[in-house]
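> Just so it is clear: in the sequence shown, position 112 is 112 by the UniProt record's numbering, and no numbers are missing.
Structure provided below as structure tokens; questions to follow.
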Amino acid sequence: GANFEHPNYGPVWATSHLGDPTISLIGTDPEDHPEHAWKVVQMLEGQGGDSLFIKTHPESNHLYVDTPLNPEPSIASSVAVFNIDELDQEEPQYEVLPIGEWSGIDEGMRRIVQPEYNK
């Protein structure tokens with residue numbers, strides 16, 4: 001999961017689902033946002049099911065969602081990226097980063113997992 005500040009609901013925890021493309025956002029601030037605490041406040045639609053990891057960073061406004069176990073090669077080899085600042089939209093969109101394609105690796109199934117921050 002990933003923790004970040006949602007533009008409408010304050011602090012949330014996000015988790016992806018193995019069996020479907022759903023990403024659930026759960027409110028986590030019972031003191032300042034008690035009406036949203038420990039409740040699903042938003043469901044996002046990702047690019048496909050079979051996600052393992054979801055990631056962000058305190059200095060980033062992006063939420064990265066991988067799908068390495070998806071049977072579709074183009075989905076398994078890419079990462080969906082949501083702009084956290086735009087999660088207040090009715091149907092937030094994501095950008096697909098085709099990491100597997102960019103890698104130049106041509107053999108076998110290119111399964112991509114979430115990025116790691118090193119700076």
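The beta carbon of each residue, even a glycine, is placed where N, CA and C say it ideally should be.
Keep in mind it's a predicted model, so treat the numbers as computed, not measured.
Verify whether the separation of the beta carbon atoms of His-33 and Pro-7 is less than 9 Å.
no
> First and last residue of the alpha helix (DSSP H) that includes Ser-51?
DSSP places Ser-51 outside any alpha helix (DSSP H), giving it a letter other than H or E.
> So what does DSSP say about Tyr-85, is it helix, strand or coil?
Per the sequence shown, the amino acid found at residue 85 is Asp instead of Tyr. Of the three classes helix, strand and coil, the one that applies to Asp-85 here is helix, per DSSP.
> Exposed or buried, what is Val-41 when buried is set at 16 or more other beta-carbons lying within 10 Å of its beta-carbon?
buried
> With a cut-off of 8 Å on the beta carbons, I'd call Ile-23 and Ala-14 a contact; round off their distance for me.
6 Å
> Would Thr-67 pass as a contact of Gln-47 if the rule is Cβ separation under 9 Å?
Contact: yes.
> Can you give me the C-alpha to C-alpha distance between Tyr-64 and Pro-98, rounded to a whole angstrom?
Going from the Cα of Tyr-64 to the Cα of Pro-98 covers about 13 Å.
> Taking C-beta to C-beta, are Glu-90 and Val-81 nearer than 9 Å?
no
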